[in-house]
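Down below is the structure, laid out as structure tokens.
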């Protein structure tokens, strides 16, 4: 859908700007290069792409972008080029790329038999991107212009610099204009005239684009070695580089903190359910990881049920996962755990066995292969604060989501009557019983709540990692680590535990490598638990004694 | 008393029913052992290979079996538990008396099985690309050795893509460590400087790739063309590629070539952000040949699912099975000591259009292909070697193994023969 809009948009832009008489002529140019596109050699295809880009046809953008997207096919026998669009799953509409007339509709099997995709490699992909960027530099859409200019910066050559020199004065958007000027300055910095060079270098000082940094480093080595260079150039390059690297290292730290917070949020989401079942109730729940897994699989099932509205599927998946895993939790508590209260060893063994059963069950139902959970568009990609700092959307949403879950749970525990009963039962069961609380039910609901929260965590994890039968195992150790480190029975402890572990891990990783960082964190926790056996936020008072 | 009698009778009947099928096995049947994990972490990859062997057995039976005898598959589940692989291997050979075994995926499972298969003089076909440095008398390696996958991939990146800086990223275990050691030595011999090589290891199932991807991004923005050679294994790949996509590292900027990512692994992810990243294999499902079309169709019919993909280890299993069948026909028996010599020089058409040949070092000659990931989860073949590449058991790029060759025919008859001292170490692995 997005692609269609994109294409329609480009066609409109170009149709408006061009003469009808030109059309037939330039279209025939495209037509003639089609023959080269069906060739096996990538060099032939490059020639074809170049001539299509230079044809000046209104269809050039459509044709080039459909090659890039892998939607341009050719008939295996007569080599006719066609555009292929998937209308409904496994059904394809085949249209002529120049006349835009419908040729036929085909199923997946027929398509595979009769047509072959115009294959491209990375070199061609780069070429296509470059040509498309040059063709869309006057696009009406600001973000397209920005994207195009950014692509041109990566690969500047005299002709694109000319193009940008024309486009920059006409540009109205300040952001795009600035980027265009950076491109021009990068090219000017290599000029023969020291005055122009000096001006360009000063303009580039503090710019965060990696291309600019590469250029400055290059100039620096060039000037240090050469005696013939203008004496003003070297200091200018030096100060420009200093300004840049200071900013870059600052943003690197900001990025590291964000990485730590996001890892902490993942740990929090994985552990917060356990903070209820293990932390509050004291059940050593080895099947906690499998509750995460069930939540992730619920996401998969929800997406299978609503294939046409993937964008909203997570909003359905969250309550669905809560209900599914919550009910599973209640069933587990009523069926197994309630017979084992006060016998931690048996509970451990029973829940461990249960986790194996659940894993194999999932393996039998969904197959041992990982299932593909789609990440909605709004969670993909990253937000670019500046060229040196871009934060990925999925991690940002997870941080926000983890906090929402934590505060929701705190509210539930502190402000509702169910929360009150729950705390009463866990702190003094007999007294609670005497006050008329049905402790059995409160136990079941509490365990259900912990499991349900784990299910919600599973929905979040499905966006980050594999959804497979082993998903839970990967997180069970981390979850226990967070809860024990934070202090059993305290949600704030779980929160701070997760965040501290996340940030420590991420700050150590660049220095020690991922494997060793993990080991160091574990050693740190062992030492910490030796000193403070009850974790960071230990419960005080009578409740802690029991 | 009467009651007890009835009980004993019942037990006897049940026992009889259990025994009957065993007795019913005519001694004529040729038994094919399948040693692939059907549960645990490796089930994701290995289940497919079990199905492939079953399909091949079915096909062979429909074509009249072997030597006029019917084939029967014996499937056991080593459950991704390395020591259990050895026990199950023993069970297959001693209890089930199988004639051949197709199995193992990870190197550590193969190493665990080796002493058993050598002690009992069994026959194992190992279908997965691996780190080399091994040649056992009782094992045929139908997957790629490093010179059939890693080295050509690096050559491609160096010559066709123009890569000058290298990130060698891998999971922390024997295959990536050995492969990266070989690649590092190779790159240095090609004149790559120390500061242009970055080596990184991560634990199994690593899922938080933010820092590493950000480091790769920084490493790659130094002006020289950078490429990542990934020996990241299994599940860890999905979050790795997801993070690459999210941080905006496209294949045009920094291509990633992977040795453990195939069609099967891609079927679990949304491949749109991965388009253009590379993989090096000896087979891709998109290869155009009649054999391949037939194989894919047979697979879809067997597995009853049109969406299932085929991959390189499946082709290796296919080639291994066909070769074994041909060798049995040639030898006229399933005796290991007769089949083994019959294997040498056996030719089987591979699925990509050429012929695979079994060499006397127990490794195959087959072509090497480089493919780019497409948005439908398939690979576009962008490069292939001119002809078949002969598998090299002992790499030429490490000083300690460059002198060693494997040859299981006279006069050498050794899997670890030092060409300088003219001695066989006797230790084949």
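Residue numbers (the working numbering), protein chains in the order written: chain W, 1224 to 1769; chain V, 116 to 544.
Where is the CB? At the ideal position from N, CA and C, for every residue including glycine.
Distance, residue j Cα to residue i Cα
i: residue 139 of chain V; j: residue 439 of chain V; result: The predicted position of residue 139 of chain V is uncertain, since its pLDDT is 41 and thus under 50; a value taken from the coordinates is nonetheless stated next. Rounded to the nearest angstrom, the two C-alpha atoms are 26 Å apart.
i: residue 137 of chain V; j: residue 207 of chain V; result: Because residue 137 of chain V sits at a pLDDT of 46, beneath the cut-off of 50, its placement in the model cannot be relied upon, and the point is left open.
i: residue 1670 of chain W; j: residue 285 of chain V; result: 40 Å
i: residue 1465 of chain W; j: residue 1479 of chain W; result: 21 Å
i: residue 1590 of chain W; j: residue 1552 of chain W; result: 23 Å
i: residue 272 of chain V; j: residue 1289 of chain W; result: 26 Å
i: residue 174 of chain V; j: residue 209 of chain V; result: 27 Å
i: residue 289 of chain V; j: residue 1527 of chain W; result: 38 Å
i: residue 1769 of chain W; j: residue 1537 of chain W; result: Only weak support exists for where residue 1769 of chain W lies, its pLDDT of 47 falling under 50; the coordinates are left without a value.
i: residue 1238 of chain W; j: residue 1348 of chain W; result: Bear in mind that a pLDDT of 45 at residue 1238 of chain W, under 50, signals an unreliable position, so the number given afterwards is only what the model happens to contain. Cα to Cα, residue 1238 of chain W sits roughly 25 Å from residue 1348 of chain W.
i: residue 1322 of chain W; j: residue 277 of chain V; result: 40 Å
i: residue 531 of chain V; j: residue 1481 of chain W; result: 52 Å
i: residue 473 of chain V; j: residue 1492 of chain W; result: 52 Å
i: residue 548 of chain V; j: residue 1477 of chain W; result: Any property of residue 548 of chain V remains undetermined from this structure, which presents chain V solely from 116 to 544.
i: residue 1557 of chain W; j: residue 1622 of chain W; result: 34 Å
i: residue 1377 of chain W; j: residue 373 of chain V; result: 25 Å
i: residue 1715 of chain W; j: residue 1709 of chain W; result: 8 Å
i: residue 1468 of chain W; j: residue 337 of chain V; result: 13 Å
i: residue 464 of chain V; j: residue 1382 of chain W; result: 50 Å
i: residue 319 of chain V; j: residue 346 of chain V; result: 12 Å
i: residue 1459 of chain W; j: residue 243 of chain V; result: 56 Å
i: residue 1462 of chain W; j: residue 1444 of chain W; result: 14 Å
Residue of the options minimising C-alpha distance to residue i
i: residue 515 of chain V; options: V:348, V:395, V:248; result: V:248
i: residue 186 of chain V; options: V:299, V:205, V:149; result: V:149
i: residue 1541 of chain W; options: W:1283, W:1366, W:1523; result: W:1523
i: residue 495 of chain V; options: V:402, V:411, V:529; result: V:402
i: residue 1262 of chain W; options: W:1325, W:1341, W:1288; result: W:1341
i: residue 343 of chain V; options: V:354, V:325, V:393, V:526; result: V:393
i: residue 442 of chain V; options: V:432, V:431, V:456, V:161; result: V:456
i: residue 1296 of chain W; options: W:1335, W:1324, W:1275, W:1279; result: W:1335
i: residue 1728 of chain W; options: W:1746, W:1483, W:1472, W:1419; result: W:1483
i: residue 378 of chain V; options: V:359, V:453, V:398, V:146; result: V:398
i: residue 1266 of chain W; options: W:1317, W:1535, W:1488, W:1344; result: W:1344
i: residue 169 of chain V; options: V:506, V:418, V:202; result: V:418
i: residue 1451 of chain W; options: W:1468, W:1417, W:1439; result: W:1417
i: residue 1597 of chain W; options: V:234, V:261, V:353, V:172; result: V:353
i: residue 1573 of chain W; options: W:1507, W:1595, W:1646, W:1412; result: W:1507
i: residue 499 of chain V; options: V:520, V:467, V:537; result: V:467
i: residue 375 of chain V; options: V:420, V:360, V:415, V:427; result: V:427
i: residue 194 of chain V; options: W:1582, W:1567, W:1256, W:1338; result: W:1582
i: residue 143 of chain V; options: V:448, V:296, V:356; result: V:448
i: residue 357 of chain V; options: W:1665, W:1637, W:1595, W:1610; result: W:1595
Integer Cβ distance of residue i from residue j, believed to fall under 8 Å
i: residue 1352 of chain W; j: residue 367 of chain V; result: 7 Å
i: residue 1474 of chain W; j: residue 1612 of chain W; result: 4 Å
i: residue 1442 of chain W; j: residue 1412 of chain W; result: 7 Å
i: residue 1695 of chain W; j: residue 1496 of chain W; result: Not really, about 11 Å apart at Cβ, beyond 8 Å.
i: residue 1250 of chain W; j: residue 1280 of chain W; result: 5 Å
i: residue 203 of chain V; j: residue 215 of chain V; result: 15 Å between Cβ atoms; not a contact.
Within 8 Å, strictly: CB atoms of residue i and residue j
i: residue 298 of chain V; j: residue 259 of chain V; result: no
i: residue 444 of chain V; j: residue 153 of chain V; result: no
i: residue 1391 of chain W; j: residue 1374 of chain W; result: no
i: residue 155 of chain V; j: residue 196 of chain V; result: yes
i: residue 1711 of chain W; j: residue 1754 of chain W; result: no
i: residue 1206 of chain W; j: residue 1439 of chain W; result: With chain W running from 1224 to 1769 in the structure shown, residue 1206 of chain W is simply not present.
i: residue 504 of chain V; j: residue 485 of chain V; result: no
i: residue 1731 of chain W; j: residue 1721 of chain W; result: no
i: residue 1298 of chain W; j: residue 1337 of chain W; result: yes
i: residue 1485 of chain W; j: residue 1618 of chain W; result: yes
i: residue 1678 of chain W; j: residue 1517 of chain W; result: yes
i: residue 1605 of chain W; j: residue 274 of chain V; result: no
Minimum Cβ-Cβ distance from residue i to chain A less than 8 Å
i: residue 1397 of chain W; result: In the displayed structure, chain A is absent; the protein chains listed are W and V.
contact_flag[the region 309-329 of chain V, the region 274-291 of chain V] where n(CB pairs < 8 Å) is 3 or more: In short, these stretches touch, since the Cβ pair count reaches three.
Inter-stretch contact (C-beta, 8 Å, three-pair minimum) for the region 398-414 of chain V and the region 215-223 of chain V: Touching, no.
contact_flag[the region 1683-1694 of chain W, the region 1557-1567 of chain W] where n(CB pairs < 8 Å) is 3 or more: Because the criterion of three Cβ pairs below 8 Å is not met, the region 1683-1694 of chain W and the region 1557-1567 of chain W do not touch.
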